[in-house]
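If you read the sequence shown in our numbering, its first letter stands for residue 4, the second for the next number, and so on. Using N, Cα and C, we set each Cβ at its ideal position, and we do this for glycine too. Just below is one structure, and these are the notes that go with it.
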Amino acid sequence: MTSASTPQPRRGNTRQRIQDVALELFAEQGYEKTSLREIAERLEVTKAALYYHFKTKEDILIGVFEDHTRPLDELIAWAGAQPRTLETKQEIIRRYHAALTGAAPLFRFMQENQATVRELSIGESFKERVISLSELVQEPDFSMADRVRCVSALFTLHAGMFFMQSVEGDPEEKARAVLEVAIDMVTQAHHGPRD
């Protein structure tokens with residue numbers, strides 16, 4: 004089938020395409036320097052067509068954030084209903100790693116545009132989710148060092164997304180290593196001495 008006879012994407016796909024292209028542009032040139040006009044041009048649509056789906060850049064970013072953080076919300080709900088065992092905590096780390104991996108473009112944007120993210124509602128919303136997860140992987144009777152291990156396990160996953168890119172090696176092997184270290188930290192905290 005030639006491109007001339009390719010049907011236009013369905014409406015649901017248009018919204019996703021807008022979000023994907025906007026996120027690409029935000030990553031390339033920064034959120035502040037990207038205009039709705041540039042997003043429309045990259046998509047080869049009119050600004051009016053773009054406005055049909057999103058009125059502002061922030062609306063686009065909020066839509067991207069909501070779509071990509073839905074797995075985090077599901078993880079938090081799931082984890083809250085599970086027994087507070089080491090196995091549950093290890094599974095929280097595994098699922099959080101998968102959620103971060105699935106939303107890598109968004110989290111890279113958030114890392115590279117921290118000032119913008121702090122000013123927008125998504126920054127506080129993401130922070131609340133991470134705090135909820137950190138509470139789910141630790142216990143009140145953990146020593147301070149073990150609490151730090153649990154929180155650090157989550158941030159090991161974050162750091163792995165960004166800083167391991169510059170480390171030589173197979174991407175899948177690096178991802179497995181990051182996950183292994185994060186799980187080790189939670190496991191060590193669970194078995195550590197209590198104050």
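Residue i vs residue j beta-carbon contact at 7 Å
i	j	result
residue 160	residue 89	no
residue 192	residue 149	yes
residue 112	residue 39	no
residue 120	residue 153	no
residue 43	residue 53	yes
residue 132	residue 75	yes
C-alpha distance - residue i paired with residue j, whole-angstrom precision
i	j	result
residue 1	residue 50	Shown here, the chain extends from 4 to 198; a query on residue 1 therefore has no answer.
residue 164	residue 36	24 Å
residue 198	residue 86	In this predicted model, residue 198 has a pLDDT of only 47, less than 50, meaning its place in the structure is not dependable; the value taken from the coordinates is given anyway. Cα-Cα distance, rounded: 23 Å.
residue 97	residue 143	22 Å
residue 187	residue 68	29 Å
residue 60	residue 146	44 Å
residue 33	residue 20	18 Å
residue 23	residue 140	32 Å
residue 100	residue 45	31 Å
residue 48	residue 181	41 Å
residue 12	residue 151	Because the pLDDT at residue 12 is just 40, under 50, the model does not fix this residue reliably, and the point stays unresolved.
residue 118	residue 124	12 Å
residue 14	residue 56	Residue confidence for residue 14 is low, a pLDDT of 42 falling below 50, so the modelled location carries little weight and cannot support an answer.
residue 194	residue 183	16 Å
residue 166	residue 175	14 Å
residue 107	residue 18	19 Å
residue 171	residue 162	15 Å
residue 41	residue 62	16 Å
residue 169	residue 16	33 Å
Collapsed DSSP secondary structure at residue i in the structure displayed
i	result
residue 187	helix
residue 145	coil
residue 43	helix
residue 170	coil
residue 17	helix
residue 154	helix
residue 8	Note that residue 8 has pLDDT 39, beneath the 50 cutoff, so the model's placement of it is unreliable and the number below is only indicative. Three-state result, residue 8: helix.
residue 135	helix
residue 104	helix
residue 49	coil
Identity of the residue in the options nearest residue i by Cα
i	options	result
residue 73	129, 48 and 93	129
residue 178	29, 105 and 42	105
residue 1	110, 147 and 171	The question about residue 1 has no answer, for the chain in this structure spans 4 to 198.
residue 31	116, 155 and 174	116
residue 157	55, 18 and 92	92
residue 95	78, 169 and 107	78
Given 8 Å, three or more beta-carbon pairs between the stretch 76 to 84 and the stretch 131 to 151: yes
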